[in-house]
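> Heads up, the sequence shown is in our numbering, so the first residue is 2 and it goes up one at a time. Virtual Cβ for every residue (Gly too), placed ideally from N, Cα, C. This one's a predicted model, so the numbers in the text were calculated from it and none came from an experiment.
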Amino acid sequence: PLAEVLYFKAELKYITVRTTAKTHILDGALSELEEKYGDRFLRIHRNALVARRAVRAIEKYEDPEEGEGWAVRLSGVEEMLTVSRRQLAAVREAIAAN
Numbered sequence: 002p003l004a005e006v007l008y009f010k011a012e013l014k015y016i017t018v019r020t021t022a023k024t025h026i027l028d029g030a031l032s033e034l035e036e037k038y039g040d041r042f043l044r045i046h047r048n049a050l051v052a053r054r055a056v057r058a059i060e061k062y063e064d065p066e067e068g069e070g071w072a073v074r075l076s077g078v079e080e081m082l083t084v085s086r087r088q089l090a091a092v093r094e095a096i097a098a099n
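Here it is, written out as structure tokens:
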């Protein structure tokens, strides 16, 4: 069910769909999902949409290859997802609204 989805992440020609319990693979485009479910999901990067309800925090991090950046922490999973500089203001606004 869509209510269990934490994020959609585009990888190569597929979309990874992550819930707290499982990972699924879809065929399609993130833009289609964003258009259809934009009220529930937030674009954080060109390759990722996260469930607005799952966003817990935004944190600064240091990547040896990419340098300094921002990532979101989601409830239900340990991994963090990178936020692009372009989407940073929208992500901060969404967190403040929660």
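Excluding five sequence neighbours on each side, which residues of the same chain lie with their C-beta closer than 7 Å to the C-beta of Glu69?
Counted from its first residue, the sequence shown places residue 69 at position 68. Result list for Glu69: Lys61 and Glu63, in chain order.
> Restricting to runs no shorter than 3 residues, where is the beta strand (DSSP E) found entirely within the stretch 16-89?
Whole beta strand (DSSP E) segments, 3+ residues: 24-28, 42-46, 49-52, 56-64, 68-75 and 81-84.
> Assign Leu3 to one of three DSSP states: helix, strand, or coil.
Taking the first residue of the sequence shown as position 1, residue 3 is located at position 2. It is helical.
> By alpha-carbon positions, which one of Tyr8, Lys37 and Gly39 ends up nearest to His25?
Position 24 of the sequence shown holds residue 25. For His25, the nearest C-alpha among the options comes from Tyr8.
> Enumerate in chain order the residues of its own chain whose CB-to-CB distance from Arg1 is below 7 Å, with the five nearest sequence positions on each side excluded.
Nothing about residue 1 can be reported from this structure: the residues present for the chain run from 2 to 99 only.
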